[in-house]
Amino acid sequence: MTAPWHIRWLKLEDGPWKVTHGAGIKVALLDSGVGKIRALTQERVRRLSHDGEPIEPTDRSADSHGTSVAGIVASVDKRILGIAPEADYSAFLVYGVDGRPADFRVKAALRKATELAVDVVCCTFTLPQADDELRSAIAGLAAAGIPVIVSAGNSAQQRDEFPETVPGLITVAAHNPDGRLLPNSRYGDWTTIAAPGMRITTWKSSGQEDPLFSGTSAAAPLLTGVVTLALAQALAVGGEAGRDAVKLALADLLVETSERRGPVPLLAAGAFYDAAVAMAQPKTKSRSRSKSKSKSRN
Numbered sequence: 058m059t060a061p062w063h064i065r066w067l068k069l070e071d072g073p074w075k076v077t078h079g080a081g082i083k084v085a086l087l088d089s090g091v092g093k094i095r096a097l098t099q100e101r102v103r104r105l106s107h108d109g110e111p112i113e114p115t116d117r118s119a120d121s122h123g124t125s126v127a128g129i130v131a132s133v134d135k136r137i138l139g140i141a142p143e144a145d146y147s148a149f150l151v152y153g154v155d156g157r158p159a160d161f162r163v164k165a166a167l168r169k170a171t172e173l174a175v176d177v178v179c180c181t182f183t184l185p186q187a188d189d190e191l192r193s194a195i196a197g198l199a200a201a202g203i204p205v206i207v208s209a210g211n212s213a214q215q216r217d218e219f220p221e222t223v224p225g226l227i228t229v230a231a232h233n234p235d236g237r238l239l240p241n242s243r244y245g246d247w248t249t250i251a252a253p254g255m256r257i258t259t260w261k262s263s264g265q266e267d268p269l270f271s272g273t274s275a276a277a278p279l280l281t282g283v284v285t286l287a288l289a290q291a292l293a294v295g296g297e298a299g300r301d302a303v304k305l306a307l308a309d310l311l312v313e314t315s316e317r318r319g320p321v322p323l324l325a326a327g328a329f330y331d332a333a334v335a336m337a338q339p340k341t342k343s344r345s346r347s348k349s350k351s352k353s354r355n
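Here it is as structure tokens:
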């Protein structure tokens with residue numbers, strides 16, 4: 058069976074997947090919740106309320122948004138395997154009953170993610186306003202060394218304070234199989250990187266396959282999955298110090314290893330992964346060679 062195009066683009070089968078599938082890394086997903094489907098087991102994907110309490114599997118969006126996002130990274134079904142299926146996921150429900158993310162829920166989930174000491178946070182939504190409390194929650198994650206990956210948004214004419222005006226985020230635009238940005242993908246000098254985001258095969262909350270999931274809400278979890286693989290291998294080769302070094306330098310590593318084809322750097326997954334693992338390797342301490350002075354003979 059031919060792998061989906063984004064798996065081939067990322068070169069996972071001949072690269073990271075030979076050594077890791079994300080084990081040992083904790084990821085927070087903030088979205089509309091995750092439905093009850095076989096591909097997203099409770100063992101790997103904990104369904105949580107915005108304040109971190111366990112809840113029944115549910116997806117409050119009309120289009121299975123949160124389930125599709127989780128499927129990209131966490132699916133254990135070999136027909137559509139997630140990018141990092143062995144990581145541990147906390148899926149926070151931050152949508153209200155109106156089917157949209159609620160500011161107070163987002164803030165609470167971000168604070169809980171800090172408390173849980175996750176390794177990376179993925180937010181697949183934008184917010185029109187970003188008040189001081191939201192900025193403080195993001196700053197708290199940064200102070201804890203936890204990177205936050207955010208969708209850039211899919212309305213080119215719309216301006217959202219989150220993520221545009223909030224410092225310290227890794228903001229992701231979406232590109233097609235030719236490496237061109239999607240027409241509706243937002244970007245600007247606040248955008249960190251672009252990742253595959255067109256027709257990413259994943260799951261619906263009904264348990265059916267969705268071969269058409271597109272936009273920056275597909276690109277952000279895809280990048281999160283690649284980052285999770287890199288952090289897992291960094292942990293394997295360099296321990297917690299190696300993993301944390303990669304987390305601290307994550308935005309710079311992504312940009313420095315990227316491909317430059319247009320207004321936004323494109324994720325070069327293989328180069329990024331290799332650079333992250335190299336950074337995590339324990340540094341060999343140079344041994345000072347103390348030369349004993351020859352005693353002069355009388």
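Be aware that the sequence shown starts at 58, since it is given in our numbering, and climbs by one per residue.
Backbone N, C-alpha and C define an ideal beta-carbon position, used for all residues, glycine too.
Discussion item. Among 230, 104, 216, whose alpha-carbon lies nearest the alpha-carbon of residue 145?
Written reply: Taking only the C-alpha atoms, the option nearest residue 145 is 104.
Discussion item. Would you call the region 113-126 in contact with the region 136-151, where contact means no fewer than 3 C-beta pairs closer than 8 Å?
Written reply: Taking one beta carbon from each stretch, the region 113-126 and the region 136-151 have 3 or more pairs nearer than 8 Å; the two touch.
Discussion item. If I follow the unbroken beta strand (DSSP E) through residue 184, where does it start and stop?
Written reply: Here residue 184 belongs to no beta strand (DSSP E), and DSSP marks it neither H nor E.
Worksheet item: Considering only residues of the same chain and omitting the five flanking positions on each side of residue 156, which have a CB-CB separation below 8 Å?
Response: Cβ within range, chain order: 89, 117, 118, 119.
Item to complete: Report yes if the CB atom of residue 142 is closer than 8 Å to the CB atom of residue 183, and no otherwise.
Response: Against a cut-off of 8 Å, the Cβ pair of residue 183 and residue 142 comes out as no contact.
Item to complete: Would you list, in sequence order, the uninterrupted beta strand (DSSP E) runs of no fewer than 3 residues that lie entirely inside the region 198-252?
Response: With a minimum length of 3 residues, the continuous beta strand (DSSP E) runs that stay inside the region 198-252 are 205-208, 226-232.
Discussion item. Using the Cβ count rule (16 or more neighbours within 10 Å means buried), how would you classify residue 201?
Written reply: Residue 201 should be labelled exposed.
Worksheet item: Just how far apart, CA to CA, sit residue 178 and residue 207?
Response: Computed Cα separation, rounded: 8 Å.
Worksheet item: Among the residues of its own chain, which have a CB less than 7 Å from the CB of residue 301, if the five just before and after it don't count?
Response: Excluding five sequence positions before and after residue 301, the CB atoms of its chain that fall closer than 7 Å to its own CB belong to 202, given in chain order.
Fill in: Three-way DSSP call (helix, strand, coil) for residue 312 in this model
Helix, per DSSP.
Practice prompt. Output the distance between the C-alpha atoms of residue 92 and residue 263, rounded to the nearest integer angstrom.
Written response: Cα to Cα, the separation comes out at about 8 Å.
Practice prompt. Rounded to whole angstroms, what's the CA-CA distance from residue 311 to residue 232? Just pull it up for me.
Written response: Near 16 Å, if we compare the C-alpha coordinates of residue 232 and residue 311.
Practice prompt. My understanding is that residue 280 touches residue 239, with C-beta atoms under 8 Å, so please give their C-beta distance in whole angstroms.
Written response: Contact flag wrong, Cβ pair sits at about 15 Å.
Item to complete: Reducing DSSP to helix, strand and coil, say where residue 90 ends up.
Response: In this structure, residue 90 counts as strand in the three-state DSSP scheme.
Worksheet item: Using the rule of at least 16 other Cβ atoms within 10 Å of the residue's Cβ for burial, across every protein chain shown, is residue 193 buried or exposed?
Response: Within 10 angstroms of the beta-carbon of residue 193 lie fewer than 16 other beta-carbons, which makes it exposed.
Worksheet item: According to DSSP, what are the bridge partners of residue 145?
Response: Residue 145 is bridged by DSSP to 83.
Worksheet entry | residue 112 (DSSP reduced to helix, strand or coil) | Note: residue 112 maps to coil in three-state DSSP.
Worksheet item: Taking all protein chains shown into account, do 16 or more other C-beta atoms lie within 10 angstroms of the C-beta of residue 174, making it buried, or fewer, making it exposed?
Response: It is exposed - the Cβ of residue 174 has fewer than 16 other Cβ atoms within 10 Å.
Worksheet item: Identify the residues that DSSP records as bridge partners of residue 339: which are they?
Response: Partner(s): none; residue 339 has no beta bridge.
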